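In the numbering used here, the protein residues as written are 12 to 462.
#1: I'd like to check one pair, residue 368 with residue 307: are the Cβ atoms closer than 8 Å?
#2: Take the Cβ of residue 102 as the centre, count every other Cβ of all protein chains shown within 10 Å, and call the residue buried at 16 or more, exposed below.
#3: Pull up the distance between the alpha-carbon of residue 139 and that of residue 347, whole angstroms please.
#4: Just how far apart, CA to CA, sit residue 412 and residue 423?
#5: Examine the Cβ distances between the stretch 199-209 and the stretch 219-229 and report whether three or more of them are shorter than 8 Å.
#6: Looking at the structure shown, is residue 57 part of a helix, part of a strand, or coil, going by DSSP?
#7: Please state whether the Cβ-Cβ distance between residue 57 and residue 233 is less than 8 Å.
#8: Could you name each continuous beta strand (DSSP E) segment of 3 residues or more that falls completely within the stretch 129-175, going from the start of the chain to the end?
#9: Compare the C-alpha of residue 477 against each of 381, 374 and 279 and name the closest.
#10: Output the boundary residues of the alpha helix (DSSP H) element that contains residue 232.
#11: When the Cα atoms are used, what is the spatial distance from residue 47 to residue 68?
#12: So does the stretch 248-256 actually touch the stretch 30-37, counting three or more Cβ pairs closer than 8 Å?
#13: Residue 453: buried (16+ other C-beta within 10 angstroms of its C-beta) or exposed?
#14: Run through DSSP, which three-state label would residue 325 get?
#15: Compute the Euclidean distance between the alpha carbons of residue 142 and residue 204, then round it to the nearest angstrom.
#16: Along the chain, where does the alpha helix (DSSP H) containing residue 452 start, and where does it finish?
#17: How big is the Cα-Cα spacing for residue 421 and residue 172?
#18: Please specify which runs of the alpha helix (DSSP H), each continuous and at least 4 residues long, are wholly inside the stretch 38-109, giving them in chain order.
#19: Out of 379, 299, 210 and 246, state which residue places its alpha-carbon closest to the alpha-carbon of residue 272.
#20: Let me check understanding here. Comparing Cα to Cα, which of 78, 441 and 410 lies closest to residue 430?
#21: For residue 257, which residues does DSSP report across the bridge?
#22: Could you please give me the residues that DSSP links to residue 178 through a beta bridge?
#23: Rounded to the nearest angstrom, how far is the Cβ of residue 194 from that of residue 156, given a contact under 8 Å?
#24: With distances taken Cα to Cα, identify the nearest neighbour of residue 333 among 320, 314, 341 and 343.
#25: Compute the Euclidean distance between the alpha carbons of residue 146 and residue 152, then round it to the nearest angstrom.
#26: Could you tell me the boundaries of the alpha helix (DSSP H) in which residue 353 lies?
#27: Within 10 Å of its beta-carbon, does residue 364 have 16 or more other beta-carbons around it, so buried, or fewer, so exposed?
#28: With the cut-off set at 8 Å, would you say residue 118 and residue 309 are in Cβ contact?
#29: Would you mind reading off the limits of the alpha helix (DSSP H) that contains residue 408?
#30: Run through DSSP, which three-state label would residue 196 get?
#31: Would you identify the three-state DSSP class for residue 297, choosing helix, strand or coil?
#32: Please state the DSSP three-state secondary structure of residue 364.
#33: Return no unless some Cβ of chain E is closer than 8 Å to the Cβ of residue 339.
#34: In angstroms with no decimal places, state the Cα-to-Cα distance between residue 100 and residue 250.
#35: Ends of the alpha helix (DSSP H) at residue 402?
#36: Mind checking which residues open and close the alpha helix (DSSP H) that includes residue 443?
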């Protein structure tokens, strides 16, 4: 197929049978939605989409930090490989390496219209060029209508060109945005007294109040997704478009965001395609699977050296074989939040290697300022089922039985009956670090670790 693009942003390219992608990404959203089993959070749009999508119950962000996670998604590389170790904005100023290919660059070069609306949070522009940069949104990137209006602009401008549209919603990030009003949207509020408390948080009125604010923000995010999908349908582009719904990492509470626990890594992931049926998949996947999937769907040759696989061949499979473990890698959040770890998550066991366990676990500034952390610290509370002391001062290695101990309370690394498991997972993490050119391998070798 040959298409003639608007010469203001593209030259003519040859794209054989192009298919499109609409990626909807939220900020700090754990898998809290009706379709993911939440009895409380109201997400009618996400729930409706799930009826024609593959819903992943074991999806994990690779890095539980905003900018690094988004760079993982857009490059397909791990954060210790692409170089965007932490935040890009302000004093943090981390950059993706200028040599690193991205979805935006690769698809733009292949003749795609590539658009970003709302929050992007990565740099530099040379790595992440967009034919249509629509980051600025009237009413901000929490506004459902503002985001959808920008999507309509994008579709009107590109006409029939194949596209990748990346919509970054700021909800449900702190400060939750509930004190503002948004056009064409009526807020849904939650009763703090009736909410279930996650197993890693204390049952305290301050925590309940913040959870109610968080859930309100999720429901507004859901309305934004509904309006964005409606804009896609109104443009007549839904019949050849894959819709990906995801978040950058887990919820903005201590013990989740920017931590190695599943509460920080486990995320929602829905992938909908035209004509697809509802599938619940138990495959273990991470955000490094997203870029290969986009290239595969679009029929565009991927850059060399991507470390993970496309999900396209298994989208119709509930229990695909060979999808039983995923790797994690985290180094920074903010420039002052240095706590690097590498990890391997299997179905039963999870191994974590904290590279500098002598450090106190740092909290992102929004979490440190939160009412939740202030009562934990000020009143000497435990973090739900977890020990606050063990959270702040973690071991060099940890082995958790995530089936028997989903709160990850008990470190089994020294259990005599699990030494073979620990040795195998430790070696896999070492091989992963070497294979993906982790710069911190040198530091580990200097500390006496053998590779």
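All residues carry an ideal CB built from backbone N, CA and C; glycine is no exception. What you are looking at is a predicted structure, and each value in this text was computed from that prediction instead of being measured.
The relevant details are as follows:
#1: Not closer than 8 Å, so no.
#2: It counts as exposed.
#3: Rounded to the nearest angstrom, the two C-alpha atoms are 25 Å apart.
#4: So the alpha carbons of these two residues sit roughly 8 Å apart.
#5: Between the stretch 199-209 and the stretch 219-229, the count of C-beta pairs closer than 8 Å reaches three or more; the two stretches touch.
#6: The three-state reading of DSSP puts residue 57 in helix, counting H, G and I together.
#7: Cβ atoms of residue 57 and residue 233: closer than 8 Å.
#8: 143-145, all fully within the stretch 129-175.
#9: Since the first residue shown for the chain is 12 and the last is 462, residue 477 is missing from the structure and cannot be characterised.
#10: Per DSSP, the unbroken alpha helix (DSSP H) holding residue 232 starts and ends at 216-245.
#11: Taking the straight line joining both Cα atoms gives about 7 Å.
#12: Yes: at least three Cβ pairs fall under 8 Å.
#13: With fewer than 16 Cβ atoms within 10 Å of its Cβ, residue 453 is classed as exposed.
#14: The three-state reading of DSSP puts residue 325 in helix, counting H, G and I together.
#15: Roughly 47 Å separates the two Cα atoms.
#16: In this chain, the alpha helix (DSSP H) harbouring residue 452 covers 451-457.
#17: Their backbone Cα atoms lie some 53 Å apart in a straight line.
#18: Those alpha helix (DSSP H) runs which fall completely within the stretch 38-109 and span 4+ residues are 55-61, 77-86 and 90-93.
#19: It is 210.
#20: For the residues 78, 441 and 410, the minimum Cα distance to residue 430 belongs to 410.
#21: Answer is 36 and 280, bridged to residue 257.
#22: Looking at the DSSP output, residue 178 sits in a beta bridge with 35 and 128.
#23: That pair is a contact at about 5 Å.
#24: Ranking the options by Cα distance to residue 333, first place goes to 320.
#25: Roughly 8 Å separates the two Cα atoms.
#26: Going by DSSP, residue 353 is part of no alpha helix (DSSP H) but of the beta strand (DSSP E) stretching over 349-357.
#27: Residue 364 is classed as buried because its beta carbon has at least 16 other beta carbons within 10 Å across all chains shown.
#28: The Cβ atoms of residue 118 and residue 309 lie closer than 8 Å to each other.
#29: Counting along the chain, no alpha helix (DSSP H) covers residue 408; the unbroken beta strand (DSSP E) around it starts and ends at 408-412.
#30: In the three-state DSSP reduction, residue 196 falls in the coil class, being neither helix nor strand.
#31: Residue 297: strand per DSSP, three-state reduction.
#32: Taken through DSSP and simplified to helix, strand or coil, residue 364 comes out as strand.
#33: Of the protein chains in this structure there is only one, and it is not chain E.
#34: If you draw a straight line from the Cα of residue 100 to the Cα of residue 250, it comes to about 37 Å.
#35: In this chain, the alpha helix (DSSP H) harbouring residue 402 covers 399-403.
#36: DSSP places residue 443 in the uninterrupted alpha helix (DSSP H) bounded by 430-446.
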